[in-house]
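Our numbering puts the sequence shown at residues 385 to 561. Here is the structure we will look at, set down as structure tokens.
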Amino acid sequence: MLGICSLLVLAACSMEEEKALPAAALRAQAVDNNDPAFCQKINDASLRSKCLDAVAVAFAVQKSDVSLCAKVTDEARRQECSDIVNYDRAMTEGNAQHCTQNIMDPDLSKNCLEELRRKELANADDEIDCVVLSDEFQRSVCEDNLRIRKAFEANDPSLCLSITTRALREACEEKLG
385 MLGICSLLVL AACSMEEEKA LPAAALRAQA VDNNDPAFCQ KINDASLRSK CLDAVAVAFA
445 VQKSDVSLCA KVTDEARRQE CSDIVNYDRA MTEGNAQHCT QNIMDPDLSK NCLEELRRKE
505 LANADDEIDC VVLSDEFQRS VCEDNLRIRK AFEANDPSLC LSITTRALRE ACEEKLG
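As structure tokens, this is what we get:
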């Protein structure tokens with residue numbers, strides 16, 4: 385027995401259930417499916433507008449196209465869209481200019497630069513790459529990362545001895561034993 389919905393009215397019943405979905409669920413479906421039609425099912429005009437803006441932001445980020453942020457109606461959200469797209473572009477391209485010139489939120493701009501620096505440190509090829517770092521701690525981390533990588537590549541525990549950070553040195557020695 386099917387209960388409230390019979391086989392004949394199952395489709396109509398599911399349509400009613402869909403209309404009853406809360407605005408947050410419709411917004412999530414709209415963003416996940418990149419389909420603003422889900423937003424149109426939201427009765428509250430303010431929530432519908434926020435939903436449409438969320439779809440526009442998601443699409444702009446997906447396409448990595450700041451110009452698509454112009455479709456966002458809320459001014460603060462439009463700037464946030466631009467900042468998010470530029471952050472993603474900076475990470476994808478490894479270009480710090482996106483962080484410094486295009487991101488208006490100072491905290492996000494700083495975070496963007498720090499994340500790019502972390503990526504650079506993780507990908508340093510030799511100690512010359514590390515020497516250019518002005519921060520002594522970051523330079524030390526960069527050099528230790530290189531030493532660990534060289535020890536693992538050579539499968540040589542004696543190279544672990546040159547690692548300056550005790551915990552990293554001990555972990556290297558334990559791993560290569």
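Even glycine gets a Cβ: it sits at the ideal position worked out from N, Cα and C.
Contact belief for residue i with residue j at Cβ below 8 Å, rounded distance in angstroms
i      : j      : result
Ala440 : Val456 : 5 Å
Gln649 : Leu505 : This structure cannot speak to residue 649, because the chain is shown only from 385 to 561.
Leu452 : Ile426 : Actually they do not touch by this definition, with Cβ atoms about 22 Å apart.
Val450 : Asn479 : That belief does not hold up - the Cβ atoms of Val450 and Asn479 are roughly 14 Å apart, past 8 Å.
Status (buried if at least 16 other CB within 10 Å, exposed otherwise) for residue i
i      : result
Pro531 : With the sequence shown as reference, residue 531 is identified as Arg, and Pro is not the correct amino acid for it. Flag for Arg531 reads buried.
Phe422 : buried
Ala438 : buried
Ser542 : exposed
Arg550 : exposed
Glu459 : exposed
Ala538 : exposed
Val525 : buried
Leu545 : exposed
Ser448 : exposed
Asp528 : buried
Ser390 : Note that Ser390 scores a pLDDT of 37, beneath 50, so its modelled location is shaky and nothing firm can be said.
Ser466 : buried
Lys559 : exposed
Ala444 : buried
Asn617 : Any question about residue 617 goes unanswered here, given that the chain covers just 385 to 561.
Ala535 : buried
Ala404 : Summary for Ala404: the model assigns pLDDT 42, below 50, so the residue's position carries little reliability, and this model does not support an answer.
Residue closest to residue i, alpha-carbon to alpha-carbon, out of the options
i      : options                        : result
Val415 : Ile547, Gln446, Asp428         : Gln446
Arg461 : Ser448, Glu520, Cys435         : Cys435
Gly561 : Thr548, Leu517, Asp540         : Asp540
Pro490 : Lys503, Ile468, Arg432, Ser451 : Ile468
Arg432 : Pro406, Lys503, His482, Leu517 : Pro406
Glu520 : Phe536, Thr548, Lys534         : Thr548
Arg533 : Val516, Leu517, Glu557, Ala480 : Glu557
| task | Spell out a yes or no on whether the stretch 491-502 and the stretch 474-482 are touching, meaning 3 or more CB-CB pairs, one atom from each, closer than 8 Å. | result | yes
| said: Quick check on the DSSP output: what are the complete beta strand (DSSP E) runs of length 3 or more inside the stretch 505-554, in order along the chain? | reply: none
| Which runs of the alpha helix (DSSP H) spanning at least 4 residues fall entirely within the stretch 407-434, listed in chain order? | 407-417
| Along the chain, which unbroken stretches of the alpha helix (DSSP H) at least 4 residues long are found entirely within the stretch 451-491? | 459-477
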